[in-house]
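Residue numbering for the sequence shown follows the numbering used here, starting at 19 and increasing by one per position.
Virtual Cβ for every residue (Gly too), placed ideally from N, Cα, C.
The structure appears right after this line, and notes come after that.
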Amino acid sequence: MDPTLKTRITTELKAALPNLPKGLRTVAKYVIDYPSDFGLDSIRETARKTGVSTYTLVRLAERLGFGGYDELREPFRHALVSTSVQLEQPEWIERLREQGEPGQRQAETSLNTLAVVQRSLERQTPEQMQRVAAMLLNAPAVYLTAVRASYSLAYYLQYVGRMALPGLQLIPRHMNSAIDELHSANAGDVLIAITFTPYSRETIEACAFARRKGIKLVLISDSEIVSPEFSADETLIASALSTHHFSCYAGAMALIELLISILVDQGGAAAKARIKSYEDLRNETQVYWVAKKN
């Protein structure tokens, strides 16, 4: 089998996505986001996961020029690298399982969190991380936006990341909108946007506005396809699978830690000097308050 077929199918789906009917768009996005699951599952299981009929899956296959669903799925089966992380379960997980229903629930959630972190980190290639770091370090200005639950991730990235990127700006500020803040941005500047399912309309509008202005876009999300209204220059994917009704952000935080580490390393002497200055200030403040207390 042509080893490039899976990649070519994915590329074709991304290009066709904005013009597909709703049902086919749902399936196409699922194939792009979960290629391993798509290659592994039966047609009925994929229909259940996507909330469409098996007929819709067949229609997508035929639209792409395949004879049926199995023919479309085969390149994904052939290239299958399962996304299910094989973790050696620690003894403490097993001990939790032995402590009744609450312990079993805690074990399930703990194991999911470990898997989400590993899955998120193993997806990142050194080549892409270096491209993203270079883009940020060489940009005249870097903006960072997120809302709702993702805002906490953005705040942390800005708070620590400014050691390597002193001009990193978290927007919006002062009750403005992100678009208001981006109005004065220029082509060549960079916007980092963080959003996870369900994707924020405010973040989507900010990304679309930035792209229209020629601002480069780095997206941190659980999918390459957040909206047909824009495409990012670079997308860093973090798994957000959860055992509860909201996304698990442990993988996203691990990815952000990786990005910060690379930025600080590539920031060189200037970044290290800013870190030392910050640490000296904290020590001086602590000494001052201890002396005042005594």
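Tell whether a beta-carbon distance below 8 Å holds between residue i and residue j.
i      : j      : result
Asn130 : Thr261 : yes
Ile212 : Ala151 : no
Ala270 : Ser138 : yes
Leu200 : Tyr173 : no
Leu209 : Ile233 : yes
Ala228 : Leu237 : no
Gly185 : Ala205 : no
Gly86  : Val76  : yes
Ala1   : Leu281 : Residue 1 lies beyond the range of the chain shown here (19 to 312); nothing can be said about it.
Pro246 : Pro36  : yes
Gly41  : Thr74  : yes
Pro53  : Thr28  : yes
Ile255 : Lys47  : no
Ile278 : Gly118 : no
Asp240 : Ser218 : no
Leu114 : Ala125 : yes
Leu276 : Met147 : yes
Ile274 : Leu154 : no
Ala196 : Ala224 : yes
Let's test the definition: count the other Cβ atoms within 10 Å of the Cβ of residue i and tell me whether it reaches 16, buried, or not, exposed.
i      : result
Thr22  : exposed
Ser100 : Confidence at Ser100 is low in this model, with a pLDDT of 36, below 50, so its placement is unreliable and the value that follows should be read with caution. It counts as exposed.
Leu78  : buried
Lys24  : buried
Glu145 : exposed
Pro93  : buried
Val305 : exposed
Gln187 : buried
Leu299 : exposed
Gly57  : buried
Tyr177 : exposed
Phe214 : buried
Thr68  : buried
Ala287 : exposed
Asp207 : buried
Tyr267 : buried
Arg91  : buried
Thr143 : exposed
Ala65  : buried
Counting along the chain, where does the beta strand (DSSP E) carrying residue i start and finish?
i      : result
Thr253 : Glu252 to Ile255
Thr163 : Val160 to Thr163
What did DSSP end up calling residue i once you bin it into helix, strand or coil?
i      : result
Ser241 : coil
Gln187 : strand
Pro216 : coil
Pro36  : helix
Ser100 : Residue confidence for Ser100 is low, a pLDDT of 36 falling below 50, so the modelled location carries little weight; the figure read from the coordinates is stated next. In the structure shown, Ser100 sits in coil (DSSP, three-state: anything other than H, G, I, E or B).
Ala291 : helix
Thr221 : helix
Leu82  : coil
Ala203 : coil
Glu297 : helix
Glu247 : coil
Ala182 : coil
Phe264 : coil
Leu23  : helix
From the DSSP output, which residues share a beta bridge with residue i?
i      : result
Lys234 : Val208
Gln107 : Gln107 pairs with nothing; no bridge assigned.
What residue range is occupied by the uninterrupted alpha helix (DSSP H) comprising residue i?
i      : result
Ser54  : Pro53 to Leu58
Pro120 : Gly118 to Glu140
Ser260 : No alpha helix (DSSP H) holds Ser260; DSSP gives it neither H nor E.
Pro93  : Tyr87 to His96
Gly269 : Ala268 to Gln284
Thr64  : Ile61 to Thr68
Asn156 : Pro144 to Asn156
Ser168 : Ser168 to Gly179
Please decide whether residue i counts as near chain B, where near means a Cβ-Cβ distance under 8 Å.
i     : result
Arg62 : Here there is only one protein chain, and chain B is not present.
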